[in-house]
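For the sequence shown, the working numbering assigns the number 686 to the initial residue and increments by one for each residue that follows.
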Amino acid sequence: MAKAAIILTAAPAVAGDIAALQSIGFSDDGSVYAFEEYGIQDGSGFPYSNIYVIDTVKDAYLPGTPIRIRLDDENAGLSDARRAAMDKAQPLIARYALGDNPGSLVAFNPVSEVGVEKHELRYLEYPADPIFGKPYALKLETFFATPTGHCIDMVDALIAFRLKMTEKDGTPADELVYEDKSVPASRGCTVGYRLGGAVTYSPLGEAIVHMALVNVLSLGFEGNDGRWIAVPVRP
Numbered sequence: 686m687a688k689a690a691i692i693l694t695a696a697p698a699v700a701g702d703i704a705a706l707q708s709i710g711f712s713d714d715g716s717v718y719a720f721e722e723y724g725i726q727d728g729s730g731f732p733y734s735n736i737y738v739i740d741t742v743k744d745a746y747l748p749g750t751p752i753r754i755r756l757d758d759e760n761a762g763l764s765d766a767r768r769a770a771m772d773k774a775q776p777l778i779a780r781y782a783l784g785d786n787p788g789s790l791v792a793f794n795p796v797s798e799v800g801v802e803k804h805e806l807r808y809l810e811y812p813a814d815p816i817f818g819k820p821y822a823l824k825l826e827t828f829f830a831t832p833t834g835h836c837i838d839m840v841d842a843l844i845a846f847r848l849k850m851t852e853k854d855g856t857p858a859d860e861l862v863y864e865d866k867s868v869p870a871s872r873g874c875t876v877g878y879r880l881g882g883a884v885t886y887s888p889l890g891e892a893i894v895h896m897a898l899v900n901v902l903s904l905g906f907e908g909n910d911g912r913w914i915a916v917p918v919r920p
């Protein structure tokens, strides 16, 4: 695999940019989920905010999304980019009442977390104390894919992934949830992934929905950049 060099100095160094994530919420019936990723773009220093609105049944973005805002202005603040993205997304947020059904962040595993398995998550469906219910577990596996576009000259191979459920309501499982057929150009030149979190939502009278939050790592200007995708899981 081709490698990007990272220069280490005594002072803290910027090495790519890892987008922050903000879960927005679900439609009443759990068929739609939205989240925001945001940050300061590595290299340019421009603020950005991307909002993803997902059909959790078809595992596809709703028409007109993702909403991507980058303010190519060195005087613009991150809050300006986030406000612009949220304003553009507001009709969808209102139509599906996404702000009324936030769901629960039941697991979070950022790239800064140490001493944990980056490709596995084990969690309960509901945040409660004392706890109730039995655990669920997800495992991410990577494999090689053929580079396309400008990535042909950047890496020997792209990294693709599959997602499996390995524990279901406390019982061992081996269920394929998702597998890449190819690596979308929107992910960039992928070098790895991290199973970054899980959000759950229990619609009234419907089966609970899990969203696996996957941190996509790709070659950036000064290191690897991190962006987010959400994979629907219906155990």
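Positions of the beta carbon are idealized from the N, C-alpha and C atoms, including for glycine.
Only a predicted model underlies this, so the values are computations on that prediction, with no experimental measurement involved.
In the three-state scheme derived from DSSP, where H, G and I count as helix and E and B as strand, residue 797 is classed as coil. In this model, residue 900 and residue 775 are separated by some 25 Å (Cα to Cα). Distance from the CA atom of residue 880 to the CA atom of residue 854, rounded to whole angstroms, is 19 Å. In this chain, the beta strand (DSSP E) harbouring residue 853 covers 843-853. The region 726-733 makes no contact with the region 771-787: fewer than 3 CB pairs, one atom from each, lie closer than 8 Å.
For residue 812, same chain residues with a beta-carbon under 7 Å away, outside a window of 5 residues either side, are 789 and 791 in chain order. When only Cα atoms are considered, residue 752 and residue 770 end up about 7 Å apart. The residue from 737, 763 and 874 with its alpha-carbon nearest to that of residue 835 is 874.
Within the same chain, 702, 703, 704, 705, 732, 733 and 763 come within 8 Å of residue 724 by CB-CB distance, once the 5 residues on both sides are set aside. Separation of residue 798 and residue 878 (C-alpha to C-alpha, rounded to the nearest whole angstrom) is 14 Å.
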